[in-house]
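**Student:**
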Amino acid sequence: MKQPVEHLVLMGVAGCGKTTAAANLHAALGWPVAEADDFHPQANIDKMSQGVPLTDADRRPWLDSLRDWMSEQAASGTKTVVTCSALKRAYRDLLSQADGRVLFIHLVAEQDELRERMEHREGHFMPPSLLPSQFATLEPLADDEDGVTVVSRATPEETFGAILAALEAAAPA
């Protein structure tokens, strides 16, 4: 029997709607939100700002710090919403080591749609030029992973409705 969820991790390539969905989940559930981007060391931000994709070695300390934060929250009885690209199975496996059940919500959309979204957003260090490398790196959720895939809809409200429906289906029986 599945345990109740302690951590919801909104995953997917840049521009798929992780931050907006996290804000909607926070409003609905009251759970604190952690933006994985805020856990990046400055060296990673500098690389991405220059259009240089990160390596797995670059990502490891970042993912470790995010996992540790999730465990700290669970130890204090706090459930969380996390935004993290979590593009590879190995990254999700590492995040799944956090204390408590970690459920991944993979938000998906077409690359052209995401590029357009990214070209119109402000204040983010990830340039649209890195989107193809994200798609090349992406390993979709496998059947044995604790997660659901949600197709991004025409509006954030419709996407949020699809997320809620997916969460209901993933809840313990």
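Under the working numbering, the residues of the sequence shown are numbered 137 to 309, in order.
From the three backbone atoms N, C-alpha and C, an ideal C-beta is built for every residue, glycine too.
Going along the chain, which unbroken runs of the alpha helix (DSSP H) with 4 or more residues stay wholly within the region 166-241?
**Tutor:** For the region 166-241, whole alpha helix (DSSP H) runs of length 4 or above, ordered along the chain, are 178-185, 192-211 and 225-231.
**Student:** How would you write the range of the alpha helix (DSSP H) that G297 sits in, first residue to last?
**Tutor:** Element bounds for G297: P292 to A306.
**Student:** Indicate whether the contact test is met: 3 or more Cβ pairs, each with one atom in the region 220-231 and one in the region 266-274, closer than 8 angstroms.
**Tutor:** A contact exists between the region 220-231 and the region 266-274.
**Student:** Taking only three categories from DSSP, how would you classify L274?
**Tutor:** Note: L274 maps to coil in three-state DSSP.
**Student:** Which residue's Cα is closest to the Cα of A163: E304, M184, L277 and F296?
**Tutor:** Checking every option, the nearest Cα to that of A163 belongs to F296.
**Student:** What is the C-beta distance between A307 and V284, in whole angstroms, given that I count them as a contact (C-beta under 8 angstroms)?
**Tutor:** Actually they are not in contact, since the Cβ atoms of A307 and V284 sit about 11 angstroms apart, beyond 8 angstroms.
**Student:** In whole angstroms, what is the alpha-carbon distance linking V238 and P177?
**Tutor:** Taking the straight line from one Cα to the other gives about 24 angstroms.
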